[in-house]
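Read through the structure below, which is laid out as structure tokens, and then see the notes.
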Amino acid sequence: MSTLDGMKEAAKAFSRILTENNIEHAFIGGFALQMLGNVRETFDIDVEVGVNGNEELRGSVPILEPGVLILTKMKRAAQYIGSKRPQSMLEYSGDLQDILHLLAWLRDHNSKIDFFRWARLGQSNNVEMLDSALNPSDKAKLE
10 MSTLDGMKEA AKAFSRILTE NNIEHAFIGG FALQMLGNVR ETFDIDVEVG VNGNEELRGS
70 VPILEPGVLI LTKMKRAAQY IGSKRPQSML EYSGDLQDIL HLLAWLRDHN SKIDFFRWAR
130 LGQSNNVEML DSALNPSDKA KLE
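Each residue of the sequence shown is one higher than the one before, counting from 10 in the numbering used here.
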């Protein structure tokens, strides 16, 4: 059994236990990206517990909706920009690859980044910060 297959089986079992106990959850991070077809290898499974119940289901493993997952990756990557610490540089490199994969996934599935849901999850200050960083010409392209 491959590492990814083993991780999928573990995630299914964990998800089944949480679901049987009415605990809302979604898989995030590198594992969720692998479920969306990303080839970057990961050796752990990150899960968020107590989400709003709007996770997208892929088989029997719920993952955070890609339009929101990309924002979690962007938020984390922003913490590592400019760091010279080797581990931080490695994390940033992985996050950047994940962001590029998610952008391609969103394009290929005619989906968009879900700023509205991100704001509802208590991240409105990050939405405002991103909005303030855009040039007016870039905003016009988005509208």
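Note that beta-carbon positions come from the ideal geometry of N, C-alpha and C, so glycine has one too. Keep in mind it's a predicted model, so treat the numbers as computed, not measured.
Within 10 angstroms of its Cβ, does L78 collect 16 or more other Cβ (buried), or is it exposed? Walking along the sequence shown from the start, residue 78 turns up at place 69. With 16 or more Cβ atoms within 10 Å of its Cβ, L78 is classed as buried.
- prompt: Anyone know if the C-beta pair for W127 and L45 falls short of 7 Å?
  reply: For the purposes of this step, residue 127 is taken as residue 118 along the sequence shown, with counting starting at 1. For the purposes of this step, residue 45 is taken as residue 36 along the sequence shown, with counting starting at 1. Not in contact: W127 and L45 (Cβ atoms no closer than 7 Å).
Pick out whichever of S11, T28, G76 has its Cα sitting closest to the Cα of I37.
-> The count along the sequence shown starts at 1 and reaches residue 37 at position 28. Among S11, T28, G76, the Cα nearest to that of I37 belongs to G76.
Exercise. In the DSSP assignment, find the beta strand (DSSP E) that holds F36 and state where it starts and stops.
Key: One-based indexing of the sequence shown puts residue 36 at position 27. Counting along the chain, the beta strand (DSSP E) containing F36 begins and ends at 34-37.
Query raised in the report: Three-state secondary structure (DSSP) at R25?
Result: Translated into positions along the sequence shown, residue 25 becomes position 16. Correct three-state label for R25: helix.
Any non-hydrogen atom of the ligand MG within 6 Å of H34 CB:
Judged by which ligands are present, the structure shown has none, so any question about the ligand MG falls away.
I need the DSSP call for V77, collapsed to helix, strand or coil.
Along the sequence shown, read from residue 1 onward, the residue named residue 77 stands at position 68. Three-state result, V77: helix.
**OP:** Tell me whether A35 is buried or exposed, calling it buried when 16 or more other Cβ atoms sit within 10 Å of its Cβ.
**Re:** To locate residue 35, count along the sequence shown from 1; it is residue 26. The residue in question, A35, is buried, as its Cβ has 16 or more Cβ neighbours within 10 Å.
Problem - D55 (DSSP reduced to helix, strand or coil) - result: On the sequence shown, residue 55 is found 46 positions in, with the first residue counted as 1. Three-state result, D55: strand.
TODO: Verify whether the separation of the beta carbon atoms of T28 and F40 is less than 7 Å.
DONE: Here residue 28 is taken as the residue at index 19 of the sequence shown, counted from 1. Here residue 40 is taken as the residue at index 31 of the sequence shown, counted from 1. Going by C-beta atoms, T28 is not nearer than 7 Å to F40.
Close Cβ partners of E57 (< 6 Å) along its chain, the five nearest in sequence each way excluded:
Within the sequence shown, the letter at position 48 stands for residue 57. Once the five neighbours on either side are set aside, the close Cβ partners of E57 are A35, I37.
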